[in-house]
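Numbering (the working numbering), first residue to last: 8 to 138.
Using N, Cα and C, we set each Cβ at its ideal position, and we do this for glycine too.
Given the structure is predicted, the values throughout are model-derived calculations rather than measurements.
Below you'll find the structure, written out as structure tokens, and then a few comments.
This is how it looks when you write it as structure tokens:
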């Protein structure tokens, strides 16, 4: 795996988690715009990666890392020790797991894979047309 692929994975993951947190909690009325950003990110990443095996592997990897990152960000009060009772920590953990996976599980993963494959097709077409 090339360094550029890891950079694409890094930026793809950061972008997905930020867009998901923004449109799920702060601007829930514009949820459709979040899906549009997911599609644009997947197409752009697929266009830059081009190889279909790497696209599928990196899209699943970016989903998993993004879900973990969102869980960690939402659970920061527990990790920093600001909650005084253990029952509150357990409630925060369970609610954060529920929020992250109910909001992202089938949608973000499928959009990542499909838009990444479409982007890979676009990237392959562009690279074939410019020798």
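For the putative contact between residue 123 and residue 80, defined by C-beta atoms under 8 Å, what is the C-beta separation to the nearest angstrom? Not really, about 24 Å apart at Cβ, beyond 8 Å.
Taking C-alpha atoms, which residue in 42, 59, 131, 56 lies nearest to residue 25? 42
What three-state label does DSSP hand residue 90 in the structure shown? coil
Return helix, strand or coil for residue 137, following the three-state DSSP convention. coil
Let me make sure I understand the geometry here. Which of 52, 10, 19, 8 has the alpha-carbon closest to that of residue 125? 52
So for residue 58, helix, strand or coil by DSSP? coil
For residue 82, the three-state DSSP class (helix, strand or coil): coil
Between which two residues does the alpha helix (DSSP H) containing residue 17 stretch? 10 to 28
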